[in-house]
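Report on the structure given below.
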Amino acid sequence: MNMANATLQINHVTKRFGAGETQVMAVRDVSLTVAPGEIVLIMGPSGSGKTTLLSMLGALLKPSEGTIALHGTTISALKEDRLPDIRLRQFGFIFQDFNLLSALTALENVALVAELAGVKYGTAHNKATEILIELGLGARLHFLPEKLSGGEKQRVAIARALVNDPTLILADEPTANLDSKIGHEIMRLLRAIAKEQGRSVIIVSHDQRIKDIADRVLWLEDGQFKEMKTRAVDPVCGMSIEGEKAAAIFEYKGTTFYFCAKGCRDEFERMPEKFQEGGTGMA
Amino acid sequence: MSLAWRNLFQDKTRLALSISGVALAVMLTLLLNGLLTGMYVQISSYLENAPGSIVVAQEGVTNLLAATSILPGGAAASVKSQGAAEIVPILSQFIILDLHEKKQPAYLIGYDPKIGGGPWNMAAGREPRNDKEVVFDRTLAQRHGVELNETLEILDRDFIVVGLSEGTSSWMTSFIFIRKSAAENLLRAPNATSFLLVSPSPRFDETEMTTRLREIAKVEVVPKREVMENDVRLFGKFFSAPLQLMVAIAFLVSALVVGLVIYTATMERQCEYGVLKAIGARNGVLYRVVALQAFIATGVGAVIGVAVAFGAAQLIMAVYPQFLVVLEPRAVMQALVTGLGIALLAALFPARMLARLAPAEVFRK
Ligand SMILES: Nc1ncnc2c1ncn2[C@@H]1O[C@H](COP(=O)(O)OP(=O)(O)O)[C@@H](O)[C@H]1O
Ligand SMILES: [Mg+2]
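Respectively, the protein sequence lines represent chains A and B. All letters in the first sequence, in the order written, are residues 1 to 283 by the numbering used here. All letters in the second sequence, in the order written, are residues 1001 to 1365 by the numbering used here.
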């Protein structure tokens, strides 16, 4: 791909926390290029460095080594006080816990972020209203977050991420607090936004069930991108596991199911029909 | 910004708490200051209203209320010869009254009704015509159930209350008036004079007059204003220190209350402020939100505090007429500035906390 065309260009990025004996290398020498409108899903076990990587991509954290360029501008080299503006105008953040401001209505949550970017009150509210209606929240504009369902909250959060027309949307475990049906809806919504509006989307998740909406799936382990191995999904908790490292195995109707923990297997044993289609096994 | 308002009004109990905290502090500050000012007014009320601008006293005496002064004989004549236009002699003494079995300190003034130096505002009755009559302070009379025409004992003599005077009360040094000749009798000091209240003749200004009077031997010549200040200092010193301490404590406590409320409110929303920071809000924006919350809470509290202080002052003076509460515009301003100070203090720590908040933390729980 042409470098100038790329939305995001990550070159040999490493992140270390601490020093000496207790030093942690959360991300090691990672390189990645994201094209406009591309949806990249970064998967990996807990503690593999996904959040750390995403924070660096979102200019929330400085890499210890390597560079990150947005549209050819090396943002990892910019001074600290330039970063808030870049985050505000270039990135849209979506969080696992939605993170809406509890005192503000759905509309105000979205409009506030436009106002932070210098948009006038009226214009900001019009734009926020427009986006919320588009996302199917027209009837929820003046609801406080506590009155919204999880899926609705995440859609408000998406509207908030979109209000300043970002080039890149960064989402950390956006479906972790949603049931799988709503989670899928949210992912389809993100895909539609990426494809229709040409925004790049980077999603971090350990939820295998959202793999299908991504253009590219990357596997992060020990802070490095790795080849995806024979992988299975625990049918009970949805956790992705390597077949060889599964904590428990269970045969059911000719299929082998893999579990992250014995507890999950016990639960599966009690009611196999309930979980069967959720996971992948190996025949 | 609306976020400050919304954050503030989301928790009504907390808002009420911080508003009442400030209101209480502002009210206490105002009332205590008002009491102090009122006390100063009361302490110096006699000299304030008495004729003359220079006081001539016994050598070494520079105040009216706390000292016993007996002028040497012929002092009045000397003062006259130095060019005084008007000389009002009084014989006065701090005494303890026995009012219906209750001890009550008072300041007795013996004066000559023909010359002046007596009560300046009669609420009822008249000035004394003979040596058995007294003009009593109206408030003191009311407090002790003393009626007009009643006979009462002062030191060991009987006097008839023929008049009640206004503006002569104080919760510790109310003024009462008898004729100077009666005072000479009562205090067993024939022809004695404590003070001369002197007005200079038009030929001299006050400073010149003072200089001329200082040539007289064995007397103290003090401008009236200075004597008043000395009285205020002597009596005020017992009260101003504890009162000022109370004001300081009120200020501190309410700063703590508001500070704590704003701090915990900010702490609880730490995550939300972190999200704002991650999204791209600068520290300045967050400071403004927190400061605005502090200012709204203290602003409303201060205004309520001022209003309540005025109401409470009226109430105090109605129930305890011996107290005078003077709320000067300057003191009101001072109280509002106090409120402002509280707001600043209250916003300081949360702002520091926000500054330290790392935006990347929003992705971690
Ligand atoms: N601020 C930090 N200080 C020290 N260590 C950290 C910090 N953030 C993350 N780490 C460590 O870096 C590693 C990767 O963490 P993280 O990026 O949160 O992984 P993931 O999101 O994939 O679960 C972990 O071992 C974690 O303990
Ligand atoms: Mg994580």
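For each residue, glycine too, the CB sits at the ideal point set by N, CA and C. Here the structure is a predicted model, which is why all the values come from computation and not from measurement.
Could you tell me whether the Cβ of residue i comes closer than 9 Å to any Cβ of chain A?
i: E1272(B); result: yes
i: S1002(B); result: yes
i: I1262(B); result: no
i: L1292(B); result: no
i: I1296(B); result: no
i: V1300(B); result: no
i: P1242(B); result: no
i: V1253(B); result: no
i: R1364(B); result: yes
Under 8 Å by Cβ, that's how I've got residue i and residue j pegged, so tell me the actual separation to the nearest angstrom.
i: I1279(B); j: R87(A); result: 6 Å
i: E1206(B); j: T1062(B); result: Not quite, the Cβ-Cβ distance comes to about 17 Å (not below 8 Å), so this is no contact.
i: Y1273(B); j: L1357(B); result: 6 Å
i: I1154(B); j: L1186(B); result: 7 Å
i: T1029(B); j: V1326(B); result: At roughly 14 Å, the Cβ-Cβ gap does not stay under 8 Å, so T1029(B) and V1326(B) are not in contact.
i: G1259(B); j: A1346(B); result: 4 Å
Is residue i close to chain B? Criterion is C-beta to C-beta, closer than 9 Å.
i: E108(A); result: yes
i: A117(A); result: yes
i: T51(A); result: yes
i: V13(A); result: no
i: F17(A); result: no
i: N99(A); result: yes
i: I86(A); result: yes
i: V236(A); result: no
i: L32(A); result: no
i: A103(A); result: yes
i: R89(A); result: yes
i: R160(A); result: yes
i: L112(A); result: yes
i: F284(A); result: Since the displayed chain A opens at 1 and closes at 283, residue 284(A) lies outside it and no answer follows.
In the DSSP assignment, find the alpha helix (DSSP H) that holds residue i and state where it starts and stops.
i: E1184(B); result: K1180 to L1186
i: V1227(B); result: K1224 to E1268
i: M1333(B); result: P1329 to R1356
i: Y121(A); result: Y121 to E134
i: H12(A); result: It is not in any alpha helix (DSSP H) - H12(A) instead sits in the beta strand (DSSP E) that spans L8 to F17.
i: M1317(B); result: N1283 to V1319
i: V113(A); result: A106 to L116
i: V1369(B); result: Nothing about residue 1369(B) can be reported from this structure: the residues present for chain B run from 1001 to 1365 only.
i: F1009(B); result: S1002 to Q1010
What does the alpha-carbon distance come out to for the pair residue i and residue j?
i: T167(A); j: E267(A); result: 43 Å
i: R293(A); j: I213(A); result: What is shown of chain A runs 1 to 283, which leaves residue 293(A) out entirely.
i: S1069(B); j: S1092(B); result: 8 Å
i: F98(A); j: L162(A); result: 14 Å
i: Q1104(B); j: F1175(B); result: 11 Å
i: D1158(B); j: I1316(B); result: 33 Å
i: A1025(B); j: V1337(B); result: 12 Å
i: A1281(B); j: D85(A); result: 8 Å
i: R1203(B); j: E1229(B); result: 27 Å
i: K1012(B); j: L53(A); result: 41 Å
i: F257(A); j: Q90(A); result: 43 Å
i: R1364(B); j: I249(A); result: 32 Å
i: F17(A); j: L61(A); result: 11 Å
i: G1073(B); j: P1089(B); result: 12 Å
i: A171(A); j: L1243(B); result: 60 Å
i: V236(A); j: I39(A); result: 27 Å
At what residues does the beta strand (DSSP E) containing residue i begin and finish?
i: V1107(B); result: Checking the sequence shown, residue 1107(B) turns out to be Tyr, not Val. Counting along the chain, the beta strand (DSSP E) containing Y1107(B) begins and ends at K1102 to Y1111.
i: A1084(B); result: A1084 to L1099
i: Q1058(B); result: I1054 to Q1058
i: G66(A); result: E65 to L70
i: Q224(A); result: Q224 to K226
i: W219(A); result: R216 to E221
i: V1134(B); result: E1133 to D1137
i: A1123(B); result: M1122 to G1125
i: V24(A); result: V24 to V34
i: F93(A); result: F91 to I94
i: G1163(B); result: R1157 to S1165
i: A40(A); result: At residue 40(A) the sequence reads Val, which differs from the Ala that was named. Looking at the DSSP string, the run of the beta strand (DSSP E) that includes V40(A) is I39 to M43.
Is the Cβ of residue i closer than 9 Å to any Cβ of chain C?
i: A1351(B); result: Considering every chain present, this structure includes no chain C. Its protein chains are A and B.
Using a Cβ cut-off of 7 Å, which residues of the segment 1306 to 1317 of chain B contact any Cβ in chain A, in chain order?
-> none
Proximal residues, the segment 168 to 193 of chain A versus chain B, C-beta separation under 8 Å = D172
Going along the chain, which residues of the segment 1007 to 1036 of chain B sit with their C-beta nearer than 7 Å to a C-beta in chain A?
-> N1007 and Q1010
Mind listing which residues of the segment 1275 to 1290 of chain B have their C-beta closer than 8 Å to chain A's C-betas, in chain order?
-> V1275, L1276, K1277, A1278, I1279, G1280, A1281, R1282 and V1285
Of the residues that make up the segment 1327 to 1361 of chain B, which ones have a beta carbon closer than 7 Å to any beta carbon in chain A?
-> P1359 and A1360
Using a beta-carbon distance cut-off of less than 8 Å, what residues from the segment 43 to 67 of chain A approach chain B?
-> T51, L54, S55, G58, L60 and L61
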